[in-house]
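**Q** Counted the way mature numbering (1 follows the signal peptide of the UniProt record, and there is no 0) counts, the sequence shown spans residues -24 to -1, 1 to 384.
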Amino acid sequence: MFKKITLFLALILGLNSFTQSSFIKGYYINNSNEKINCLIKNVDWLNNPTEFKYKLSESSQQETQTINLVKEFVIINVAKYVRHNINIDRSSNVINEMGYDKNPIFKKEQLFLKVLIEGKANLYLYEDKGLVRYFFNKDLTEVKQLIFKNYLTDEGMVAKNNEFRRQLWNTLKCENISMDQLAKINYRQSELIKFFSKYNECINSEFVNYQKKQKRDLFNLTIRPGLRSSSLSIGNRNSRRNFDFDKGITSLRLGLEAELILGFNNSKWSLLIEPTYKNFKTEQTFNSIFTSDEEFFVAANQKALDLNFGVRYYISSNKKINIFTNIIGTYTKSFDSSITITSSIEGKSVEKLDITSGGNAAIGIGCKHRAGYSMELRYLPKHDLLNGLGAWGSQFSSVSILFGYTIF
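#1: Does the segment 258 to 275 touch the segment 362 to 374, meaning 3 or more C-beta pairs lie closer than 8 angstroms?
#2: Between the Cα of residue 403 and those of D77, L32, N24 and F124, spot the shortest distance and give me the residue it belongs to.
#3: So, helix, strand or coil for D269, using DSSP?
#4: Would you grab the beta carbon distance between L168 and L158 for me? Rounded to a whole angstrom, and I think it's under 8 angstroms.
#5: I'd like the ranges of any alpha helix (DSSP H) spanning at least 4 consecutive residues and lying wholly in the segment 79 to 157.
#6: According to the Cβ coordinates, are K114 and A97 closer than 8 angstroms?
#7: Is it buried or exposed, V58, if we count other Cβ atoms within 10 angstroms and call 16 or more buried?
#8: Could you tell me whether the Cβ atoms of F82 and N63 are closer together than 8 angstroms?
#9: Beta-carbon within less than 7 angstroms of G348's beta-carbon, same chain only, minus the 5 sequence neighbours each way: which residues are those?
#10: Please look up how many angstroms separate the CB atoms of D104 and P80, rounded, as I've assumed it's under 8 angstroms.
#11: Excluding five sequence neighbours on each side, which residues of the same chain lie with their C-beta closer than 8 angstroms to the C-beta of I237?
#12: Check the DSSP bridge columns for N13 and list the partner residues they point to.
#13: Does the Cβ of V91 have 16 or more other Cβ atoms within 10 Å, making it buried, or fewer, making it exposed?
#14: Per DSSP, which residues does V54 bridge with? Please list them.
#15: So, is residue 394 buried or exposed, given that buried needs 16 or more other C-beta atoms within 10 angstroms?
#16: Of the residues F311, N185 and N180, which one's Cα is nearest the Cα of N255?
#17: Among D156, Q187, D330 and I71, which has the Cα closest to the Cα of L99?
#18: Given a threshold of 16 other Cβ atoms within 10 Å of its Cβ, counted over all protein chains shown, does D282 qualify as buried or as exposed?
#19: Applying the criterion that 16 or more other CB atoms from any shown protein chain within 10 Å of the CB defines a buried residue, is F384 buried or exposed?
#20: Assuming the contact rule is C-beta atoms closer than 8 angstroms, G95 and E182 should be a hit. Round their C-beta distance to whole Å, please.
#21: Give the C-beta separation of M74 and N126 to the nearest angstrom, bearing in mind that I take them to be a contact with Cβ-Cβ under 8 angstroms.
#22: Quick one: Cα of I5 to Cα of E235, how far?
#23: Quick check: what's the CA-CA separation for L208 versus Y110?
#24: Determine, using beta carbons only, whether I249 and N185 come nearer to each other than 8 angstroms.
#25: Pair every Cβ in the segment 277 to 291 with every Cβ in the segment 300 to 307, then say whether three or more of these pairs are closer than 8 angstroms.
#26: Does the distance from the CB of K279 to the CB of S313 come in under 8 angstroms?
#27: Any chance you could list the beta strand (DSSP E) runs of at least 3 consecutive residues sitting entirely within the segment 204 to 234, in chain order?
#28: Please go through the same chain and pick out, in chain order, the residues whose beta-carbon is closer than 6 angstroms to the beta-carbon of T318, but skip the five residues on each side of it.
#29: Going by DSSP, what residue range makes up the alpha helix (DSSP H) through F171?
#30: Would you identify the three-state DSSP class for S(-8), choosing helix, strand or coil?
#31: Tell me the DSSP secondary structure of F372 in three-state form.
#32: Let me check one thing: in DSSP terms, what residues is S314 bridge-paired to?
#33: Could you compute how far the alpha carbon of K149 sits from the alpha carbon of F140?
#34: Using beta-carbon positions only, say whether L346 and K309 come within less than 8 angstroms of one another.
#35: Nearest to N61 by alpha carbon, out of D20, K84, G106 and K17?
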C-alpha cells in the first residue's frame, strides 16, 4: 500500500511542477510614485495580502514586492489594492470572545485594502481569517472604517452596533437615497456595493466596480459511473485459514457528485458530496493447507451505498482542461452483504461472515474538460470489510476509473 500511495503522490507532485502560475498584466506604484508595468501573479487572495509576486516580463524571474515598498498594485480587469495607514477594529464576532463595549476598539495598522468601488465615493474591503471590515471615503478625504460591531448586553444577549448606516447618511446624501433605504442595508459586500454604485450614479460620477468579474461556476452536478478493480483476501488467525483471491474483482459503480466551488484562490478548491451505489461478487475454490482431501468454496457478495465527502484541488488548468486531485472520506453502508465459506467435506457447516458498514478514505487524480466530461483514477487503500469479526479479518483495496458528465 505504501508504494502505491508514494507513486500516487509522486504523480500529483510531478503534475504540479509543470503547472503554470497565473501571471496577469498589471502595475504597481512604489514609494517614489513610480508606476512599474509588470505581470502580477493572480492568487485571488482569500485574505488581504501583505506582498505579491510579479515578473517584469514573461521570460524574467519571479520577484516579490511588499506592503512597505508599494503604495498600490493593480491586476488589470481583476483587482486593485491600495495601502493605507488606518484605524481598524478587530473585535471578534465569536460569542465567547465578545465584550460588553458597543464602541469599536481601534488600532492603527498599515494594510492593503481591496478596492470594491472607485469613484467620487470609494468602498474598500479588508479580510483576514474570517474578519471582514469595510472602509470608505469621499473625494480625497481620510479613509475610515464603516462601523459594525456585535457586542453583549448586560443580560448576555448579542446586540449590534450599526453605526455604519449613520456614517453613510451623514457623508453620502443624495436625493435618490432615503433614510428608510439606508435603514435596511446590512453590513454585506453585495449590499454596500449596490449602495455606493447608486450614490455615484446619483451624483453623475464616473466609477469603477472592481467586483464586476466574469461569472464564476460555483456549483456542479455530475453523473459518475465507473469501473472498479478490487483485491480481496480473508483469514482466520485461530485456524490459520487464509484465502487470497488471485485475480482482480471487476465491478461497476454509479454515483452522483455535487461539487461546491469555493470562491477564492482562483476557484482552485471545492467541496464534494458523492452518494454512490456499488456491487461486487466473486467466488473461488481453495485447497486446504492441512489436507488434500478438503477444498473450500469461498463466495463474497457486497451491495453497498457509499456516502463520499471530500475536498478537491485543481492543480492546473487551461482553457479546455482542468487537472485535479481529491481526498475523499467514505462511509459505506452495506446491506445483504456477506462472505460464505463452504467445505467440500460433507457435513461440515457453512460459515457466513457478514460484511459490515464502516468508514475509510481514498485519494484520486483526474481531469475535467470544459465541455463537461471528466475522468478520475481513484485509489482506495486496504481496509477490513469484516471490521474485526471475531477471529476473522480481511484486506480489501481497489482502484477505480470514474467517468463523469456534468449536468450543470
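All C-beta atoms in this analysis are idealised placements derived from N, C-alpha and C, irrespective of residue type, glycine included. Quantities reported herein were computed from a predicted structural model and do not represent experimental measurements.
**A** Reading from the atomic positions:
#1: no
#2: No answer is possible for residue 403: it lies beyond the span of the chain, which begins at -24 and ends at 384.
#3: coil
#4: Not confirmed; about 11 angstroms, so no contact.
#5: 139 to 147
#6: yes
#7: buried
#8: yes
#9: Short of 7 angstroms from the beta carbon of G348, and not among the five residues preceding or following it, lie these beta carbons of its own chain, in chain order: Y381 and T382.
#10: Actually they are not in contact, since the Cβ atoms of D104 and P80 sit about 16 angstroms apart, beyond 8 angstroms.
#11: Only R192, D193, L194, F195, N196, S243, W245 and S246 meet the Cβ criterion.
#12: Per DSSP, Y3.
#13: Per the 10 Å Cβ criterion, buried.
#14: In the DSSP assignment, V54 is bridged to no other residue.
#15: Coverage of the chain is limited to positions -24 through 384, which leaves residue 394 absent and any answer about it impossible.
#16: F311
#17: Q187
#18: buried
#19: exposed
#20: Contact holds; Cβ gap of about 6 angstroms.
#21: 6 angstroms
#22: 39 angstroms
#23: 58 angstroms
#24: 8 angstroms or more divides the Cβ of I249 from the Cβ of N185.
#25: yes
#26: yes
#27: 217 to 220
#28: F273 and V326
#29: DSSP places F171 inside the alpha helix (DSSP H), whose first and last residues are Q165 to C178.
#30: Reliability fails at S(-8), whose pLDDT of 45 lies under 50, so the model's placement of it is uncertain and the value that follows must be treated cautiously. It is helical.
#31: strand
#32: N277 and D330
#33: The straight-line gap from Cα to Cα measures roughly 14 angstroms.
#34: In the sequence as displayed, the identity of residue 346 is Arg instead of Leu. No, the pair does not count as a contact, with Cβ atoms beyond the cut-off.
#35: K84
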